[in-house]
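Trainee: Pasting a structure below so you can have a look.
Numbering (mature numbering (1 follows the signal peptide of the UniProt record, and there is no 0)), first residue to last: -19 to -1, 1 to 333.
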């Protein structure tokens, strides 16, 4: 017995010795109905599988809605920090909404700037603290609908061409796609969907985007719950900050089809030809490109991706996309001169 106790103590000491002190700093701005929210409780936690979660730090937002927390923890393996916000944005009288936001692994040891945290949005891990009321559900199906709108934002800039889907969650069957769209040039979207359902529908928004992805060619996919009290009406998500990792979010490699690529000559000129499914496009222009296309509903949607170092930080390249007009399919699209000084919508920067 004494030997067993000694072995346990030795193992515990070895485990403790292998633990490393890890830290993270998180900051952001709490927003409700496009206004900054003061005096909201923000907590920084470290998730533990077997033990209760560890509270690393907590603070209240200042009068400008801003918060910043620092936390550190001795942990074997990597810490799993997340932010928990207690607030009353769009809550019923006497209620508090509590939402959790994951901190990306890549931010551990550094700073995670959540930019604007839009509290109007219901997170999948959101808990409503209230007295439950009895509900009456009709045994017959009835037509129900919801309208959802919002503005997608990445790095404090509006993000165009984000794929937005409105689903109705089904427990036994696959989820039903009610509507889909892409954000416009201002990052705005609006969807309407309806469904015959026994009981209440469970709508949610799914966003496919490339805001702060871990690798080029990847897409992040996040789900946002539509509150039940918005069914039959309008749910305005206001600003959807895509920098923030939502609970259950996934990232997948979703490459476009590369039709052709080349480098510019000494005069900065290039010419590319690409074809797919008997539809062809030819381009003539003066700069460094990649010709990429995407098939959707039977029509190709080609665009040029330029990777360049014009006004980029040392060791970095800027990557911007330029849409090819559909009336140029089957012909020549002469882009003439493209000023790379100008930052295009959705542009990214990659650094070594």
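Where is the CB? At the ideal position from N, CA and C, for every residue including glycine. This structure is a prediction, so every number in the text was calculated from the model and none was measured.
Taking the runs of the beta strand (DSSP E) that are 3 residues or longer, which of them lie wholly in the region 198 to 247?
Mentor: Within the region 198 to 247, the complete beta strand (DSSP E) runs of at least 3 residues are 199 to 206, 215 to 222, 231 to 234 and 238 to 242.
Trainee: May I ask you to list the residues that DSSP assigns as paired with residue 186?
Mentor: According to DSSP, which records beta bridges pairwise, residue 186 is partnered with 147 and 205.
Trainee: Below 8 Å, can you find three or more Cβ-Cβ pairs linking the region 125 to 139 to the region 214 to 222?
Mentor: Yes, they touch.
Trainee: Hey, how far is the Cα of residue 23 from the Cα of residue 50?
Mentor: Taking the straight line joining both Cα atoms gives about 8 Å.
Trainee: Can you grab the Cα-Cα spacing for the pair residue 1 / residue 41, in whole Å?
Mentor: Near 29 Å, if we compare the C-alpha coordinates of residue 41 and residue 1.
Trainee: Going by other Cβ atoms of all chains shown within 10 Å of its Cβ, with 16 needed for buried, is residue 186 buried or exposed?
Mentor: Buried, since its Cβ has 16 or more Cβ neighbours within 10 Å.
Trainee: Fully enclosed by the region 25 to 95, which beta strand (DSSP E) runs are 3 residues long or longer?
Mentor: 35 to 41, 47 to 56, 62 to 68 and 77 to 83, all fully within the region 25 to 95.
Trainee: Quick check on residue 154: does DSSP put it in helix, strand or coil?
Mentor: Coil at residue 154, not helix or strand.
Trainee: Of the residues 295, 159, 94 and 143, which one's Cα is nearest the Cα of residue 124?
Mentor: Checked all of 295, 159, 94 and 143; the closest Cα to residue 124 is 159.
Trainee: Relative to the C-alpha of residue 254, which candidate in 69, 313 and 70 has its C-alpha closest?
Mentor: If we check each option's Cα against that of residue 254, 313 comes out closest.
Trainee: Please tell me whether residue 53 and residue 4 are closer than 8 Å, where the distance is taken between their beta carbons.
Mentor: Going by C-beta atoms, residue 53 is nearer than 8 Å to residue 4.
Trainee: Measuring only the C-alpha atoms, how far is residue 213 from residue 71?
Mentor: Their Cα atoms are separated by approximately 17 Å.
Trainee: Would you say residue 232 and residue 252 are within 8 Å of each other, going by their C-beta atoms?
Mentor: Cβ distance not < 8 Å, so residue 232 and residue 252 don't count as in contact.
Trainee: Give me the Cβ distance between residue 299 and residue 250, rounded to the nearest whole Å; I'm assuming they're in contact under 8 Å.
Mentor: 20 Å between Cβ atoms; not a contact.
Trainee: Based on Cα-Cα distance, which residue from 148, 152, 94 and 128 lies nearest to residue 136?
Mentor: That would be 94, whose Cα lies nearest to the Cα of residue 136.
Trainee: Check the C-beta distance from residue 163 over to residue 143 and give it rounded, since I have them as a contact under 8 Å.
Mentor: Going by Cβ atoms, the distance from residue 163 to residue 143 rounds to 7 Å, so yes, they are a contact pair.
Trainee: For residue 264, which residues of its own chain have a beta-carbon under 6 Å away from its beta-carbon, when the five flanking residues on both sides are left out?
Mentor: Low local confidence applies: a pLDDT of 38 at residue 264 is under 50, so the model's placement there is unreliable, and no value is given.
Trainee: Is the Cβ-Cβ distance between residue 11 and residue 100 less than 8 Å?
Mentor: The answer is yes: Cβ separation under 8 Å.
Trainee: State the Cα-Cα distance for the pair residue 33 and residue 287, rounded to the nearest angstrom.
Mentor: So the alpha carbons of these two residues sit roughly 49 Å apart.
Trainee: For the beta strand (DSSP E) containing residue 318, name the first residue and the last one.
Mentor: Looking at the DSSP string, residue 318 is not in any beta strand (DSSP E), and its letter there is neither H nor E.
Trainee: For the beta strand (DSSP E) that contains residue 285, what are its first and last residues?
Mentor: It spans 284 to 289 - the beta strand (DSSP E) in which residue 285 sits, taken as one unbroken run.
Trainee: How long is the line joining the alpha carbons of residue 194 and residue 256, rounded to whole angstroms?
Mentor: Their Cα atoms are separated by approximately 29 Å.
Trainee: Using the C-alpha atoms, what's the distance from residue 324 back to residue 297?
Mentor: Looking at the two C-alpha atoms, the distance is approximately 15 Å.
Trainee: I want to check one thing, is the minimum distance from the CB of residue 196 to the heavy atoms of the ligand FMN below 7 Å?
Mentor: For the structure depicted, the ligand FMN is absent and the ligand set is empty, with no information on it obtainable.
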